[in-house]
Structure formats: C-alpha cells, structure tokens
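Asks: Structure provided below as structure tokens; questions to follow.
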Amino acid sequence: MLTRNTFAYLNARVRSRRSQMVPEPFFQQALNQSFAEFVRMLSETVYGADLVGDTLADVDRAVANHLARTVHDLPTLVSGELRELVRLPLLRADLVNLKAILRGKAMGKTPEEIKAGLLGGTFKEPLLNAMLQAPDAASLAQLLQLPGHPLAKALRQAVAGSPDLLALEVALDREFFAACFEKAKRLRQPHVAAYFALEVDATNLATAFKLRALGVGEANLDGYFVPGGKHLSRVVFGRIAAGDLAAMDALGGTPLAPAASARTLGELERALRRILLDKAASGATDSLGGGLVLDYIQRKLWEASRIRLLARRAYFNLPADAVAKEVA
6 MLTRNTFAYL
16 NARVRSRRSQ
26 MVPEPFFQQA
36 LNQSFAEFVR
46 MLSETVYGAD
56 LVGDTLADVD
66 RAVANHLART
76 VHDLPTLVSG
86 ELRELVRLPL
96 LRADLVNLKA
106 ILRGKAMGKT
116 PEEIKAGLLG
126 GTFKEPLLNA
136 MLQAPDAASL
146 AQLLQLPGHP
156 LAKALRQAVA
166 GSPDLLALEV
176 ALDREFFAAC
186 FEKAKRLRQP
196 HVAAYFALEV
206 DATNLATAFK
216 LRALGVGEAN
226 LDGYFVPGGK
236 HLSRVVFGRI
246 AAGDLAAMDA
256 LGGTPLAPAA
266 SARTLGELER
276 ALRRILLDKA
286 ASGATDSLGG
296 GLVLDYIQRK
306 LWEASRIRLL
316 ARRAYFNLPA
326 DAVAKEVA
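Mapping the sequence shown onto my numbering, position 17 (from 1) lands on 22, and the numbers just tick up by one.
Okay, here's the thing in structure tokens:
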C-alpha cells in the first residue's frame, strides 16, 4: 500500500524539475517570431540541451528527447504500485494521441499535420511514427500490441465491432477510465481519482457537442456516455447532445461552470483544457501524495504541445491569430 512517505523521493525530484519549466513570457513572445528566431529562443530554454539543428524536425526531436528525460523517465524512478500511479497520466496522453490519430486520418490530414498536436505518452517514437503511417484503424490495432496497455485490447475489440469513429473513441474512453478508477481506488489516491472523474465529465461534455453537431438525436445516445464522472448527469448529457444548449446552465456551481458559455466545440475544448489544468494544479500542494506528479506531467505535456504548435506557426509563417487561442 502507498503511504505518504512513499512519495518523498519522487516528489523531491518533481519539485526540482518544476522549477525549470519554460516561463510564460516565452510563449507570448514566440507568437510573432520568425522560425529562425523561434529556434534561437528555444535554444535558450531547458529544451536547448536537446536541440541539435535548426529544422522543424530538429525541434520535434528536441521536444521528444526532452520529454523522455523529464517526464517519461518518472516511472523508472520508482517501482511497484507507485510506478502504476505515475504511469496513469502518461497512459491518458496515449489515449489522446490515439484518438487524434484516428480522427486525423478520418479527416484526411497528413502524418505531419496530425503529429503537430500530439502529446507525449508512453508510445515510443518508432511506434508513434508507424501509427501515423498506418492507413486505417484496423492497421493501427495491429500495430498496438503492447502487453498490459489498457488501450491495446480495447482498440482491437472496437475495430472488430466496426463502429463509427465517435463510438470507437468512446469505447477507448470507457476502457481507459475504468482502468484508471480501479487503480486509483486500489492505490488509495483520492485526488488522482477526483481528477480523472473530472476528465470523464469533460470527455462526456465534448462528446455531447460532437453528437449535437452530427444531429444524432437523444433517442440514439446509448453507448456514448462514459460512466465515472461527478458533475455531468446522463440527463444533461442527453439534452446537450440533442441540441438543447440551455442545459449548459446546469453546469453552474460545478467545476465545469467556466465551460457553460461555450457554444462551439473549439470554445468548449479550450475551456475544458483550462479547467483540467486548474484541477491538476490543485493537487500540487499534495507534496506527500500523487497530486504533485500528476500536475507536473500535465503541465509538461501542455508545454511541449504549445512549443510544437508555435514551431509550426513560425515555420509555415502563419499569422499569430492562427494559434494564439490554442497556446494561451
């Protein structure tokens, strides 16, 4: 069983790494820089040690190598049940990446376009690149043969059932969150469990917006709702999915309240990202529990995602407005 003393060594390492994160002014200044200037600025941050060269591929490689040293190695610093706990947010990043790849392929995006928005999870770079090149979901399922990974079996089963893309994503969500709650409960980590419960609410809310856009209708919502959340009921989910945005008022007084005014999926996703980062940050004071490492991993993954987006804005000489909302 995990005790508060179990976290002392790991959290001491995490506190040291938190102090080296890229400061916020970097992201604001980088919005209007040329690619050459962006690379120069990045070389003066903690990513500079991994930056060899001045191409877009060099930036991606630096981000991947930096995450490997500062985030992906965290499970290797501990063992047993604590390692299981530290892996949870990284497995969550795998889920986000897998859904982004499936969605990107369905939209006809290139592997490079898809890769720009990916987070750092447990997938090694060769596997991730192979997944990006896979022609369809069935091919992805063949590639994802990782023993013990909660998404491997779920993807194979979902693909075998030939569901639509959204149903496939929800099937992956169900499998992942069921595994998360089981582990958090067994490891007696209430803050981690509460965070993932809010993730479930956020996932269901985003799914409701997608169903609304598809015009599915409340009568056809069976199987799209993921259990485990605390603040979005099945009834409110159904009303939103059916197009009744007045039901968003029910979010008032809950942690989801900042998303209540969203009327597009983009607005909703930005609001939910802020809500979840704030929820993770609320555990940062849990220096003798799992909240500190959860917050650190979430912030480092967000930091890396922002750097990749800014690199592409500069490389393709896009206007700052193209990514400003996504890196704010």
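Backbone N, C-alpha and C fix where the C-beta goes; we use that ideal spot for every residue, glycine too.
CA-CA distance, residue 53 and residue 287?
Replies: For the purposes of this step, residue 53 is identified with residue 48 of the sequence shown, where counting begins at 1. For the purposes of this step, residue 287 is identified with residue 282 of the sequence shown, where counting begins at 1. Distance between the alpha carbons of residue 53 and residue 287: 30 Å.
Asks: Look at the alpha carbon of residue 265 and the alpha carbon of residue 252, and state the distance between them as a whole number of angstroms.
Replies: By one-based count along the sequence shown, residue 265 stands at place 260. By one-based count along the sequence shown, residue 252 stands at place 247. If I take the Cα positions, the gap works out to 9 Å.
Asks: May I ask you to report which of helix, strand or coil DSSP gives residue 30?
Replies: Along the sequence shown, read from residue 1 onward, the residue named residue 30 stands at position 25. Helix, per DSSP.
Asks: Can you give me the Cβ contacts of residue 173 inside the same chain, cut-off strictly under 6 Å, excluding the 5 residues immediately before and after it?
Replies: To locate residue 173, count along the sequence shown from 1; it is residue 168. Excluding positions up to five away in sequence, the list reads 163.
Asks: List the endpoints of the continuous alpha helix (DSSP H) containing residue 67.
Replies: Against the sequence shown, residue 67 aligns to sequence position 62. For residue 67, the uninterrupted alpha helix (DSSP H) run begins and ends at 61–75, by DSSP.
Asks: Roughly how many whole angstroms lie between the Cα atoms of residue 133 and residue 321?
Replies: Counted from its first residue, the sequence shown places residue 133 at position 128. Counted from its first residue, the sequence shown places residue 321 at position 316. One C-alpha to the other measures close to 23 Å.
Asks: Taking Cβ positions, are residue 261 and residue 227 nearer each other than 8 Å?
Replies: Counting from one through the sequence shown, the residue named residue 261 turns up at place 256. Counting from one through the sequence shown, the residue named residue 227 turns up at place 222. Against a cut-off of 8 Å, the Cβ pair of residue 227 and residue 261 comes out as no contact.
Asks: Have a look at 80, 256, 41 and flag the residue whose alpha-carbon is nearest the alpha-carbon of residue 63.
Replies: What you label residue 63 is simply residue 58 of the sequence shown in a count that begins at 1. Nearest option by C-alpha distance: 41.
Asks: Within the same chain, show all residues whose beta-carbon is closer than 7 Å to that of residue 3, passing over the 5 residues directly before and after it, in chain order.
Replies: Outside the shown range of the chain (6 to 333) lies residue 3, about which nothing can therefore be said.
Asks: State buried or exposed for residue 130, treating a residue as buried only when at least 16 other CB atoms are found within 10 Å of its CB.
Replies: Within the sequence shown, residue 130 is the residue found at index 125, counting from 1. Result: exposed.
Asks: Quick check on the DSSP output: what are the complete alpha helix (DSSP H) runs of length 4 or more inside the region 114–179, in order along the chain?
Replies: 116–120, 130–138, 142–148, 155–165
Asks: Taking the C-alpha atoms as reference points, what is the distance between residue 29 and residue 319?
Replies: Numbered from its first residue, the sequence shown carries residue 29 at position 24. Numbered from its first residue, the sequence shown carries residue 319 at position 314. Their Cα atoms are separated by approximately 18 Å.
Asks: Answer yes if the region 187–196 comes into contact with the region 212–221, meaning at least three C-beta pairs across the two stretches below 8 Å, and no otherwise.
Replies: By the Cβ criterion, the region 212–221 is not in contact with the region 187–196, since fewer than three pairs of Cβ atoms, one from each stretch, lie closer than 8 Å.
Asks: When the Cα atoms are used, what is the spatial distance from residue 314 to residue 150?
Replies: The residue given as residue 314 occupies position 309 in the sequence shown. The residue given as residue 150 occupies position 145 in the sequence shown. In a straight line, the C-alpha of residue 314 is about 30 Å away from that of residue 150.
Asks: In chain order, what residues of the same chain lie with their CB nearer than 7 Å to the CB of residue 254, ignoring the 5 residues before and after it?
Replies: Along the sequence shown, one-based indexing puts residue 254 at 249. Taken in chain order, the residues that qualify are 265.
Asks: Output yes or no for whether 8 Å exceeds the beta carbon distance between residue 50 and residue 31.
Replies: As a first step, residue 50 is located in the sequence shown; it is residue number 45 there, counting from the start. As a first step, residue 31 is located in the sequence shown; it is residue number 26 there, counting from the start. For residue 50 and residue 31, yes; Cβs fall inside 8 Å.
Asks: Looking at the unbroken alpha helix (DSSP H) that takes in residue 196, where does it start and where does it end?
Replies: Position 191 of the sequence shown holds residue 196. Residue 196: member of the alpha helix (DSSP H) spanning 195–219, first to last residue.
Asks: Go ahead and label residue 117 buried or exposed: buried means 16 or more other beta carbons lie within 10 angstroms of its beta carbon, across all protein chains shown.
Replies: Here residue 117 refers to the residue found at position 112 of the sequence shown. Result: exposed.
Asks: Output needed for residue 37: all residues of its chain with C-beta closer than 8 Å, excluding positions within five of it in sequence on either side, in chain order.
Replies: Your numbering for residue 37 matches position 32 in the sequence shown. Cβ within range, chain order: 325.
Asks: So what does DSSP say about residue 303, is it helix, strand or coil?
Replies: Along the sequence shown, one-based indexing puts residue 303 at 298. DSSP places residue 303 in helix when its eight states are reduced to three.
Asks: From residue 306 to residue 165, what distance separates their C-alpha atoms?
Replies: Counting from one through the sequence shown, the residue named residue 306 turns up at place 301. Counting from one through the sequence shown, the residue named residue 165 turns up at place 160. Straight-line Cα distance between these residues: approximately 31 Å.
Asks: Considering just the uninterrupted stretch of the alpha helix (DSSP H) at residue 18, what are its terminal residues?
Replies: For the purposes of this step, residue 18 is taken as the residue at position 13 of the sequence shown. Looking at the DSSP string, the run of the alpha helix (DSSP H) that includes residue 18 is 13–23.
Asks: So for residue 112, helix, strand or coil by DSSP?
Replies: Within the sequence shown, the letter at position 107 stands for residue 112. Three-state result, residue 112: coil.
Asks: Can you tell me where the alpha helix (DSSP H) with residue 246 in it begins and where it stops?
Replies: On the sequence shown, residue 246 is found 241 positions in, with the first residue counted as 1. Element bounds for residue 246: 239–246.
Asks: Using 8 Å as the threshold, is the C-beta distance between residue 105 and residue 122 below it?
Replies: On the sequence shown, position 100 is the one that residue 105 refers to. On the sequence shown, position 117 is the one that residue 122 refers to. Yes, the Cβ-Cβ distance between residue 105 and residue 122 is below 8 Å.
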